[in-house]
Amino acid sequence: MSGNDNSGVQLFNTSTTTAATVTVDFYNANGPAQPPSPLTLAGIAPRGAVTVYAPSQGTLPSDFQGQVRVTHAPGSGQMVAITNNVNYDVQADGSAAFNVSTADRALRVDYGPGPGFKNGVHTFIVAQTVDENGVQMPAQQLIVSGPGLTINGGASPQIVATNMFGIATIELWGTNTTVPVTVCWDLNTNTACDPGEPQLSQSMSWTP
C-alpha cells in the first residue's frame, strides 16, 4: 500500500444475512505498526463494501510504503478483499489490483439466498477451501451437520470432499425444523471437528 498514490483496500462482506466487523492495521516497510492502527470498521452491511484509502488516513505519512493486515471478527460476516493502486500523476498509467491473501487456511460457505425453505425443498450450500495464499485446495475433507437433516441423501452428519477447484456443493433438506447447519474443515481427517479446525454455522429452517 502506498500513501502518495491513490492506494486502497476494498473490503466486501459476502454474507447475505450478517454484518461484518474487521480491524485494519498498517505496517511500514520496517515492520512497526503505524497510526491509525488499529482501525476498527464495524457494521459492514451484508453484501456491503468499505474502501480504506491510504491518502484518506491523516495519520499516515504522505510517503508511506507498507502493508496492511485485515483481521476478521469471529462470528461476523465473511469477508474478501482486494487492493487497488492507481497513480494519477502518470496519465494513461491505468491501475493494478491484487487479491488480499489469507494469513491462514480459510473456509468459506455460501448458504444461499435465505435461511427459510418449504418442507421437501432440496437446497444447496457451497463450501470452498483455500490455502494461505488464497489458492483453492482440492480433495479436502469437510464434515457437514444439521440435526435431523438429510444431507447428500444420508443422515447428518456427512463427510464430503472438495473437488479439483477446492469446492464442495452439498444438498440438504429437512421437515418442520430450524437447526444450525455447520461445515467443518476436517484438517486431520479424523472424522471429528476438533478445536482449532475452521468451521462455519448458520441457522436454516424448513416449514410447511
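Residue numbers (our numbering): 639 to 846.
Built from N, CA and C at the ideal position, the CB exists for glycine as well.
- A residue is called buried when at least 16 other Cβ atoms come within 10 angstroms of its Cβ; residue 802 does not meet this threshold and is exposed.
- Between residue 651 and residue 657, the gap from beta carbon to beta carbon is short of 9 Å.
- Annotation: the region 642 to 713 contains the following complete segments of the beta strand (DSSP E) (minimum length 3 residues), in chain order: 644 to 651, 658 to 666, 671 to 682, 687 to 691, 704 to 710.
- Sequence-distant partners of residue 683 (beyond 5 residues in either direction) whose C-beta falls short of 7 Å from its own C-beta, in its chain, are 651, 657.
- The alpha-carbon separation between residue 817 and residue 647 amounts to approximately 36 Å.
- Setting aside the 5 residues that flank it on each side, residue 789 is surrounded in the same chain by 782, 783, 795, 796, 808, 809, 810, each with a C-beta closer than 8 Å to its C-beta; the list follows chain order.
- If you draw a straight line from the Cα of residue 712 to the Cα of residue 786, it comes to about 27 Å.
- Spanning the alpha carbons of residue 769 and residue 723 requires a straight line of approximately 25 Å.
- Looking at the DSSP output, residue 767 shares a beta bridge with 745.
- When DSSP states are grouped into helix, strand and coil, residue 777 belongs to the coil group.
- The C-beta of residue 742 has fewer than 16 other C-beta atoms within 10 Å across all chains shown, which makes the residue exposed.
- If you compare the alpha carbons of 671, 691, 661 with that of residue 677, the shortest gap goes to 661.
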